[in-house]
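Take a look at the structure below.
There are 2 protein chains.
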Amino acid sequence: MDLTRSAAEALDAADPLAGFRDRFAGVDDGLLYLDGNSLGRMPLETPAALARVAEQEWGRGLVGSWRSWIDVGTRVGDVIGTGVLGARPGEVLLSDSTTVDLYKLLVAAADARPGRDVLVCCADDFPTDRYVVAGVAAARGMAVREVPADVDEGLDPAVLYAALDERVTVVVLSAVAYRSGALADVAAVTSAARAAGALVVWDLSHAVGAVEVDLAANDVDLAVGCTYKYLNGGPGAPAFLFVRRELQEQLRQPIWGWFGQRDQFEMGPAYDPAPGIDRFAAGTPPVLAAAAVEVGARLVAEAGIGRLAAKGRAMSALLVALADEHLAPHGVALASPRDGARRGAHVTLAHPHAWQLTRALVDRGVVPDFRTPDRVRLGPAPLYTRFVDVWDAVDRFRALLQDGGWRAYPEERTRVT
Amino acid sequence: MDLTRSAAEALDAADPLAGFRDRFAGVDDGLLYLDGNSLGRMPLETPAALARVAEQEWGRGLVGSWRSWIDVGTRVGDVIGTGVLGARPGEVLLSDSTTVDLYKLLVAAADARPGRDVLVCCADDFPTDRYVVAGVAAARGMAVREVPADVDEGLDPAVLYAALDERVTVVVLSAVAYRSGALADVAAVTSAARAAGALVVWDLSHAVGAVEVDLAANDVDLAVGCTYKYLNGGPGAPAFLFVRRELQEQLRQPIWGWFGQRDQFEMGPAYDPAPGIDRFAAGTPPVLAAAAVEVGARLVAEAGIGRLAAKGRAMSALLVALADEHLAPHGVALASPRDGARRGAHVTLAHPHAWQLTRALVDRGVVPDFRTPDRVRLGPAPLYTRFVDVWDAVDRFRALLQDGGWRAYPEERTRVT
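In order, the protein sequence lines correspond to chains X and Y.
Under the numbering used here, think of the first position of the first sequence as 1, with each following residue one higher.
Under the numbering used here, think of the first position of the second sequence as 1001, with each following residue one higher.
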């Protein structure tokens, strides 16, 4: 691989997605923003979409606008589902937070497999996933099998398969590991779990908009995910959940609310879950926030997940090669799978002083994020990050290691996201 | 009571809150908007607040803005709690939807009273309240006692008290009934339930911003509520929950997520709920939507709940008197408590053709809402509705009844909110 800056420039010149960069705010501010995997950039269209929903639909249309808002969860859900995730229409609902959606689907799945008493998750999965599993297990008197993962290489499928037996009811797993970026084999794990009589709830938070997920082709049953990362839906944007069409009527989620009710405005005496994906809704949908999600998801769908994933793989390959060349000599180790086919779109590096390095990089105009215990996570979002940004970021990282400027930063960690 | 239009104009001229009307969008559009109890009007400041959070905090500040966003749930929660509800700081959290918040607190309360197996709610309460109670009871093998209420006069406290015994763990009740507007005696019910060893979760959705709730003075333990009605937070705006300070550490909610975790960014292996109200959070807070809630809640706090409640009582008294005078002769009956001390800020009227009347009123520039089976609900929000609007609305209602124009509308109901 040609690791010169001009080679990176050439990749940008040939990038079919290059034009999308100009549709985001702040891209000319000189910042090398490599934290799109934590909070995606703001699409330039978003403020106008928010203003339209606020001023016209709410301010002028008032309560009458519910005629168009009533199905916002499924409308934006379909943009994500059919536009980005390879789902069929009516399989994805925008609703609640990833945490709440995971809770709903996990309980629904566990209820659908009575007599089984073990939940499986990954010991290195994102905290909310592990905590939700622990909470559901505690409430139901179930056991949790936390399958160990290599913190750099991700979960070994053989280790997971060994944990699947006739006691297992649900497996919760991230398609892309939040720390290492390790990519799971969604089809194989889903199939193995099904063969063992269990259901998998996939957390797509670090996958959606970054890699091909192909929910239908991979025969996925259940999934949840976040819209404020690669979907650029805004801070704390509502999450989504996916339930395969054939499973919908078999499942019931535990939070019985009026937006999950059949003939909702009859306000009938007993809860009777709506047909289809609506039954997985609980309360009133977040209309304002959904407008921002819709803008972000439509941009991703327009770019095309195939092209985005290909660019993501190319950028992370460049990042790994540059890190090997320029950062490894300074004691920075790759903490993601080396095999590009086993990675999502972000790359993680390890260094004993990762916290100080992260703070120093931010002050030098490179925004990665820190993850415990000693990780610097770099997420070049393919929709608006250039190859040359990756090159420049590694170059500044190299300079920082060479000049030792990070040593001036306190070792003690402060609260960050 | 002087029921002339000029008397209504005089009330407006003497209204200390009159100036707040000019801080809302659309108030000069000629519409008599009496559905602020369903969806409050948009404050004029809201679009700018949304734009600021989107363009500056998100677009420019990017992930670094989490330094100010991280406590958005408690910051806006305190605006509602201390500014509107008479709570102490750190007792209210903006989070999730009313449905999800009710679920969290109901399960937390039930877990805190082991050995008891009955949940109590009101048979005429809002659907989501009844459904959440039914769902939690079904999941836990508990029984539900649905206490009957007079659909017009509301719940008779004696009937409720008779349902309280040593089996009852939690009572769920609306402070203001969604259909009739009947106002519960929050202090008395809370005290009676406590004497029976039970906890009450109050639903404040139709009370917050409309009547004095005085959570601390009334010694309330638990409450949830909606911000898109009298708080004017926008369609589907996030809800709030209240947990009395002394109870917080005794309770655990069931959806264990990373925003409820102590030292969240340590991402530790086991869930350990944060001290204080944060433990009732689940996922990432809705930052964009919270900005709109903050604007609306600050306006209500600025106006003062005492003044708002007084104006609400005066407006609903006028509305009842005008309805008696001009609508009752046409077969429209009061379907709210006649005693103003037993009403919230909205008034409900009954007529066999309520659906057609509601549609016809909308087309004549009066916006009430329809509620099953035969109710027209009129909610003059005290923050931006004038006494003369109430007068004009009843006058148009009277004219409609006189000319029979509503008969041209189909009897069959279509989906509405």
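Beta carbons: idealized from backbone N, C-alpha and C, even for Gly.
Check                                                                                                                   : Outcome
C-alpha distance - residue 1107(Y) paired with residue 1202(Y), whole-angstrom precision                                : 14 Å
Contact list for residue 51(X) against chain Y, beta-carbon separation under 8 Å                                        : 1047, 1050 and 1051
Interfacial residues, the segment 1353–1372 of chain Y to chain X, with Cβ spacing under 8 Å                            : 1362, 1367, 1369, 1371 and 1372
Identity of the residue in 57(X), 32(X) and 256(X) nearest residue 69(X) by Cα                                          : 57(X)
For residue 1246(Y), three-class secondary structure by DSSP                                                            : helix
Beta-carbon proximity of residue 390(X) to residue 76(X), cut-off 7 Å                                                   : no
Reference residue 180(X), options 50(X), 41(X) and 124(X), closest by Cα                                                : 124(X)
Sequence-distant residues of the same chain with beta carbon closer than 7 Å to residue 1185(Y), five excluded per side : 1157
Distance cut-off 6 Å: residue 146(X) Cβ against heavy atoms of the ligand NAP                                           : The model on display carries no ligand, and the ligand NAP is accordingly not part of it.
Distance, residue 129(X) Cα to residue 171(X) Cα                                                                        : 11 Å
Residue 250(X): contacting residues in chain Y (beta-carbon distance under 9 Å)                                         : By Cβ distance, chain Y contributes nothing, its closest Cβ being about 17 Å from residue 250(X), past 9 Å.
Contact with chain Y by residue 267(X), beta-carbon distance below 7 Å                                                  : yes
Where the alpha helix (DSSP H) containing residue 137(X) begins and where it ends                                       : 127–140
CB of residue 93(X) within 7 Å of CB of residue 73(X), strictly                                                         : yes
One or two residues paired with residue 1145(Y) in a DSSP bridge                                                        : 1120(Y)
Minimum length 3: unbroken beta strand (DSSP E) runs contained in the segment 321–359 of chain X                        : 347–350
Test: residue 1236(Y) CB closer than 7 Å to a CB of chain X                                                             : yes
Against chain Y: residues of the segment 9–39 of chain X by CB proximity under 8 Å                                      : 25, 26, 29, 31, 33, 35, 38 and 39
Candidates 243(X), 233(X) and 238(X): closest to residue 418(X) by CA position                                          : Only positions 1 to 417 of chain X appear in the structure, and residue 418(X) is not among them; the question remains open.
Residue 395(X), enclosing alpha helix (DSSP H) - first and last residue                                                 : 387–403
Residue 217(X) at chain Y interface by Cβ criterion, 7 Å                                                                : no
N-terminal and C-terminal residue of the beta strand (DSSP E) that residue 223(X) is part of                            : 222–225
When 1182(Y), 1078(Y), 1136(Y) and 1109(Y) are compared against residue 1347(Y), the one with the closest alpha-carbon  : 1182(Y)
Residue 492(X) classed as buried or exposed, judged by whether at least 16 other C-beta atoms fall within 10 angstroms  : A question about residue 492(X) goes unanswered here, because the residues of chain X that appear run from 1 up to 417.
Per-residue DSSP class, three states only, for residue 1012(Y)                                                          : helix
Residue 157(X) in three-state terms, based on DSSP                                                                      : helix
CB contact flag (residue 236(X), residue 1285(Y), <7 Å)                                                                 : yes
Under 7 Å from the C-beta of residue 191(X): neighbouring residues of chain Y                                           : Chain Y residues near residue 191(X): none, gap ~29 Å exceeds 7 Å.
Burial state of residue 1421(Y), where buried means 16 or more other Cβ atoms lie within 10 Å                           : Not covered by the structure: residue 1421(Y). The range shown for chain Y is 1001 to 1417.
Helix, strand or coil at residue 278(X) [DSSP, three-state]                                                             : helix
Whether residue 259(X) touches residue 11(X) by CB criterion (7 Å)                                                      : no
Interface flag, residue 60(X) vs chain Y, CB-CB below 7 Å                                                               : yes
Outcome for residue 71(X) when other beta-carbon atoms lying within 10 angstroms are tallied against a minimum of 16    : exposed
Neighbour-count burial assignment, residue 81(X), 16 or more Cβ in a 10 Å radius                                        : buried
Per DSSP, the bridge partner or partners of residue 1033(Y)                                                             : 1367(Y)
Sequence-distant residues of its chain with Cβ nearer than 7 Å to residue 1194(Y) (five each side left out)             : none
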